[in-house]
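The next block holds one structure in the form of structure tokens; read it before the comments.
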Amino acid sequence: MAQFDSPKAIVTGGGCRAQAPDVLSSLHATRALIVVDPYFASMGFVAELRAALDRHRIVNDLFTDFQPDPTDQNVLLGADRFKRLGADSIVAIGGGSALDVAKMIGASAANPGPVSQFQGYHRISNPGPPLVAVPTTAGTGSEATKVAVVTDTTRNVKMMILDAKLMPTVALVDYELTLSMPKPLTAHVGVDALTHGIEAYVSRKANALTDPIAISCITKIHANLRAAWEDPGNLKAREAMSLAALQGGLAFTNASVCLVHGMSRPLGLAFRLPHGLSNSVLLPTVTRFSWNGAMARYAEIARSIQMASDKSSDDAACQALTDWLDDLNADLRVPRLRDCCGGDADAFRAILPKMAADALESGSPQNNPIIPSASEIIELFERAW
Ligand SMILES: [Fe+2]
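With the working numbering as the guide, the letters of the sequence shown map in order to residues 37 to 421.
In structure tokens:
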């Protein structure tokens with residue numbers, strides 16, 4: 037048995053952000069809190085959105101008081117702003133941080149108490165307000181996932197919160213908003229989206245509905261990520277990457293992520309690495325460790341992107357896949373782990389046991405083709421170093 041969750045509607049295409057007022061009206065919204073990445077708050081398209089909402093007689097206000105890798109404090113502040121506005125809906129605009137904090141603002145507005153009460157699986161009692169998600173990166177796929185990641189500042193833990201009530205009501209996937217992404221961000225979120233496709237395909241919870249979406253995500257990224265990175269104005273590549281990220285989100289939210297994400301959350305928290313970067317630096321190493329647990333699946337991925345022929349052995353196909361992942365990171369200038377963690381090997385080693393324990397605690401490694409022990413996770417971190 038498998039269940040497939042998705043937004044009620046997904047709109048794609050250049051300029052589709054202009055649909056937001058009509059979408060809100062169709063949801064009977066009259067007062068909207070716009071949760072927007074501070075970077076975008078002063079941009080013309082946000083002013084245009086607000087003017088259009090005014091014309092639709094939808095009262096609106098901006099909330100920008102949150103940080104990259106948002107915290108429980110950011111969520112509670114936003115929920116307070118939501119209540120003071122008397123809002124009945126949320127528009128979330130930005131990367132994964134904006135979308136995740138917006139999801140949790142909605143959940144917290146409907147369920148008083150600490151944000152930590154939601155950590156884990158299906159812990160949200162009352163549904164939040166309608167949420168329209170407008171991503172500005174091509175990476176997290178948060179516009180189509182029932183997941184949010186928020187840091188608990190009391191315990192210094194990145195909480196993974198999964199609940200169908202976190203699924204955005206409508207996703208407006210407008211690739212034009214991704215054109216301003218700088219090269220490193222394009223690379224890191226692009227490899228994050230690739231990680232979603234690969235982990236969804238090899239996950240123990242993969243199913244017949246998620247498989248074709250995951251493969252389509254992977255093949256689009258294979259064909260377009262380098263082009264989007266080399267030429268940020270390449271509209272065709274940008275559009276394909278936006279669709280791939282959306283597909284990655286749909287695939288992993290219904291099939292789960294695995295060991296890369298399990299390890300990247302504590303790594304990102306310990307060294308303040310953005311989510312995309314912490315996944316990117318781990319993907320080749322973790323794939324090399326995991327393929328023996330699902331060799332045929334990894335080989336199918338390699339064949340889908342013509343890294344191996346139908347006649348090649350599964351073993352050779354898996355080798356070709358990991359070689360490609362290494363090459364992709366090198367071409368996109370993704371740094372080695374040691375280069376983005378300050379280079380202090382002793383400090384890194386000292387924190388490995390906690391990171392391994394937090395990774396296992398998250399539940400994601402348990403979906404991996406090979407379920408690692410804590411000592412194996414520590415070894416993997418050291419290999420990636
Ligand atoms: Fe991710």
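The C-beta atom is built at its ideal place from N, Cα and C for all residues, glycine as well.
Given 8 Å as the limit, tell me if residue i has its C-beta closer than that to any heavy atom belonging to ligand 1.
i, result
"residue 176", "yes"
"residue 403", "no"
"residue 312", "yes"
"residue 231", "yes"
"residue 228", "yes"
"residue 293", "yes"
"residue 297", "yes"
"residue 315", "yes"
If I measure Cβ to Cβ from residue i and keep anything under 6 Å in the same chain, skipping five residues before and after, which residues do I get?
i, result
"residue 210", "52 and 53"
"residue 251", "340"
"residue 281", "174, 175, 177 and 229"
"residue 40", "245 and 290"
"residue 47", "55 and 208"
"residue 260", "273, 276 and 277"
"residue 59", "168 and 206"
"residue 406", "326 and 329"
"residue 45", "206"
Can you tell me whether residue i is buried or exposed, with buried defined as 16 or more other CB within 10 angstroms of its CB?
i, result
"residue 37", "exposed"
"residue 157", "exposed"
"residue 106", "buried"
"residue 389", "exposed"
"residue 155", "buried"
"residue 271", "exposed"
"residue 315", "buried"
"residue 78", "exposed"
"residue 401", "buried"
"residue 120", "exposed"
"residue 233", "buried"
"residue 349", "exposed"
"residue 386", "exposed"
"residue 172", "buried"
"residue 130", "buried"
"residue 96", "buried"
"residue 165", "buried"
"residue 123", "buried"
"residue 411", "exposed"
"residue 324", "buried"
"residue 239", "buried"
Using a Cβ-Cβ cutoff of less than 7 Å, which residues in the same chain neighbour residue i once the five nearest sequence positions on both sides are dropped?
i, result
"residue 147", "160, 161 and 162"
"residue 258", "341"
"residue 111", "137, 140, 141, 144, 151 and 186"
"residue 313", "224 and 376"
"residue 235", "288, 293, 294, 296 and 297"
"residue 441", "Because the chain here runs from 37 to 421, residue 441 falls outside it and cannot be looked at."
"residue 100", "72, 74 and 77"
"residue 346", "339"
With 9 Å set as the bound, which would you pick, yes or no: does the beta-carbon of residue i sit closer than that to a beta-carbon of chain C?
i, result
"residue 277", "This model lacks chain C altogether, as it is built from one protein chain only."
Can you list, in chain order, the residues of its chain with a C-beta nearer than 8 Å to that of residue i? Leave out the 5 residues immediately preceding and following it.
i, result
"residue 103", "110 and 133"
"residue 358", "320, 323, 324 and 327"
"residue 192", "305"
#### Entry: Every unbroken alpha helix (DSSP H) inside the stretch 253-292 [4 residues or more]
271-291
Ignoring anything shorter than 4 residues or poking outside the stretch 326-361, list the alpha helix (DSSP H) runs there in chain order.
331-340
At what residue ranges does the stretch 119-169 contain a whole run of the beta strand (DSSP E), taking only runs of 3 or more?
-> 125-130
(Q) Which complete alpha helix (DSSP H) runs does the stretch 46-122 hold, if anything under 4 residues is left out? (A) 56-62, 80-91 and 108-121
Point to revise | Those runs of the alpha helix (DSSP H) which lie wholly inside the stretch 299-329 and span at least 4 residues | key: 311-316 and 319-326
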